[in-house]
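Order-wise, the sequence lines are chains L and Y.
387 is the number of the first residue of the first sequence in the working numbering; add one for each residue after it.
387 is the number of the first residue of the second sequence in the working numbering; add one for each residue after it.
Protein chains: 2
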Amino acid sequence: MKPSELNIAFAGSRMDRADRLRTDASALDALKGPRARLLLLDGLAPQLGDDGGLAWGSLADADPQGELVFLGLLEGAACFAEVKPALWQGRVAGPNFRQLFGMIAPDDLAIYGGAKALVDWHARHRFCARCGSPTMMTKGGWQRNCTAEACKAEHFPRVDPVTIMLVELAGAAEPTVLLGRQPMFPPGNYSALAGFVEPGETIEEAVAREIEEEAGVRARDVSYVASQPWPFVSSLMIGCHAWADDDALTIDRNELDDARWFTRSEVMRAFARDPEAPLQLPPAAAIAHQLLRWWVARG
Amino acid sequence: MKPSELNIAFAGSRMDRADRLRTDASALDALKGPRARLLLLDGLAPQLGDDGGLAWGSLADADPQGELVFLGLLEGAACFAEVKPALWQGRVAGPNFRQLFGMIAPDDLAIYGGAKALVDWHARHRFCARCGSPTMMTKGGWQRNCTAEACKAEHFPRVDPVTIMLVELAGAAEPTVLLGRQPMFPPGNYSALAGFVEPGETIEEAVAREIEEEAGVRARDVSYVASQPWPFVSSLMIGCHAWADDDALTIDRNELDDARWFTRSEVMRAFARDPEAPLQLPPAAAIAHQLLRWWVARG
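Structure below.
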């Protein structure tokens, strides 16, 4: 199985981002006509139409006190999402991704995910981090500028790179992978280890550091497999594979409830939903699930 | 040549980030003794010692009005960098990376790069983007918290993922690659196309979008090659390769001064510093240079 054949949730948007229009204020205004579509959100959750797809309204449905983000062009129509005042006036919890997934077609999920990350960013960036003055949306919602004359700092939507990795034990009789569980996971669930990339490190260095920190395992020969946009809050999940030569674990109990080596046949039993399997898998929407699919198929 | 054999500037730090200590306030305090080392900066540029390496002082050299960032452990000593008031009171330009590179040994450059990105982030995040109140450093400089009781938002150092790509023309008589030049480049310089990953897209989707936007070329079969931390301001450069089937270009003149296809022999002449070569290469510190090394060696 090639990584490109995996089902990466929140990827595959059919929206044309039409970035050239973002900097063209008059073109953007002209797009805000009766044909323009507004992605309907309930807080940060998607509203669904009768057909189960994303519900779209017109700009007449938008709150005049809100801000409009230009998502792009879809089937010839300009698409917008709204940053409603309620989103910045209070704290609006994001939807539970387990509820979203399976309800919404993949390409709609991708459109929603991109919009949610962007709307959420605007709601949390009303002020300039540099000087504390209010910021103002510009470039169709792809930038905010500080309104203080003495500052005028420019701010851009944030995407946080996160490494997530399958660590495989070299020389094992059967292919064997390291998985861990966070305390918040449902009982029996294990997933790939993961952590944010920090300033000053490569993807490969971040992978090796996380494995060492969380499980006390030295990893080598990190390779990239696949990536995923993850809108909770706004991460770029960078899925990798690495090798380990030693199976001894020193688990960081502040981060992990447990970490264990699982054989391929154990993971395959989990995929088959065998009630006797020693683990349950992360949901299919998570890239960890897809990385495990790739790993099992690799043989 | 394997990607792991490339010389990735700003990678390869020998600092142990010792992240477990960040959340341990008493351990951090205990580390701030006479053995602790302070990375000496001149604005955001490194100070150099007589041996040409990074200059280190002690915490006695720190401004009492400044903030200390815990970088990690090096040769048993706790290492810190300082966010001086001057950094947030005015705008301090970053150093020119072309001047840095070649002056500083690779592992020192990596330590400096990580520290610079982090110090710079603190200088630009004195206030809460959510509510505009002052923020306060915590966790050894790996987090800032909003000081307003009603908000208490948590803020984390930012790393911006950027895709940078070699687009290769399928079916060409000689291996042929697409490079572009930004208006700010020195005359004759060409480099790989690049752009920020946006919310809602995978690495592969970001690569394809950038190539389409900047050069009007449809790319396929994107593959990851190597990555680089780039502390100007704080990016994670994600180096990729992609294939194109059509050599027709539609150049976005707002972004690029020019874009052209170059053959491998033309790129090799540039590596050989042939004055008649039709291009000059990006500096060796840039991952674009390293991607071209990899591509030329791949044959």
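Idealized CB from N, CA, C, for every residue including glycine.
Separation of L622/Y and K418/L (C-alpha to C-alpha, rounded to the nearest whole angstrom) is 35 Å. Two segments are said to touch when three or more pairs of C-beta atoms, one from each, lie closer than 8 Å; by this definition the stretch 614 to 632 of chain L touches the stretch 546 to 556 of chain L.
The beta carbon of T533/L lies closer than 7 Å to those of S519, P520, T521, M522 in the same chain, with the five residues before and after it left out.
F456/L and F466/L have their alpha carbons spaced roughly 5 Å apart. Proximity of S412/L to chain Y, defined by a Cβ-Cβ separation below 8 Å, is not satisfied.
Inter-residue distance for Q475/Y and L445/Y is about 22 Å (C-alpha atoms, whole angstroms). Apart from the 5 residues on each side of it in sequence, A491/Y sits with its Cβ closer than 8 Å to the Cβ of G438, G439 in its chain, given in chain order.
Only those residues of the stretch 617 to 645 of chain Y whose C-beta falls short of 8 Å from the nearest C-beta of chain L are listed: P617, S620, L622, I624, D638, N640. Chain order gives no chain L residues near H508/Y, where near means a beta carbon separation below 8 Å; the closest approach is about 10 Å.
Taking a contact as a CB-CB distance under 8 Å, the pair P615/L and G500/L counts as one, their CB atoms being some 7 Å apart. Put simply, of G581/Y, E596/Y, I597/Y, L565/Y the residue whose alpha carbon is nearest the alpha carbon of V653/Y is L565/Y. Residue burial annotation: S613/Y is buried, with at least 16 other C-beta atoms found within 10 angstroms of its C-beta. Taking a cut-off of 8 Å for Cβ pairs, the stretch 569 to 579 of chain Y and the stretch 640 to 647 of chain Y touch, as three or more such pairs fall below it. Three or more Cβ pairs drawn from the stretch 574 to 586 of chain L and the stretch 660 to 675 of chain L lie within less than 8 Å of each other, which places the two stretches in contact.
Shown here, Q676/L sits in a helix according to DSSP, grouped into three states.
Remark: C-beta atoms of A578/L and A605/L do not approach each other more closely than 8 Å. Going by DSSP, H627/L is part of the beta strand (DSSP E) stretching over 621 to 630. Here D405/Y is buried. Its C-beta has 16 or more other C-beta atoms within 10 Å.
Remark: C-beta atoms of K525/L and T409/L approach each other more closely than 8 Å. Note: T521/Y is bridge-paired with C532/Y in the DSSP secondary-structure output. For E600/Y, the CB contacts under 8 Å within the same chain, skipping 5 residues up- and downstream, are G566, L579, G581, I637, D638, E641, L642, A645 in chain order. Secondary structure note for G458/L: its beta strand (DSSP E) is the uninterrupted segment 453 to 460. Residues of the stretch 577 to 591 of chain Y with a C-beta atom less than 8 Å from some C-beta of chain L are F582, V583, E584, P585, G586, E587, T588, I589, E590, E591, listed in chain order.
The C-beta of F571/Y comes no closer than 8 Å to any C-beta of chain L. Selection G398/L, A441/L, N393/L, A448/L evaluated against A496/L yields G398/L as nearest (Cα-Cα).
In the structure shown, R646/L adopts extended strand secondary structure according to DSSP, grouped into three states. Assignment of alpha helix (DSSP H) within the stretch 402 to 432 of chain Y, counting only whole runs of 4 or more residues, yields 411 to 417 in chain order. For the pair of segments examined, the stretch 498 to 514 of chain Y was found to touch the stretch 506 to 519 of chain L: the number of CB pairs separated by less than 8 Å reaches three. Under the 8 Å criterion on CB atoms, F396/L is classed as interfacial with respect to chain Y.
About 6 Å separates the CB atoms of P481/Y and L430/Y; that is less than 8 Å, so the two are in contact. Residue burial is scored here from C-beta neighbours: P585/L has at least 16 other C-beta atoms within 10 angstroms and is therefore classed as buried. Scanning the stretch 438 to 518 of chain Y from its first residue to its last, the whole beta strand (DSSP E) runs of 3-plus residues come out as 453 to 460, 463 to 469.
Residues V553, L555, V603, A605 of the same chain have their beta carbon placed closer than 6 Å to that of A630/L, with the five preceding and five following residues left out of the count.
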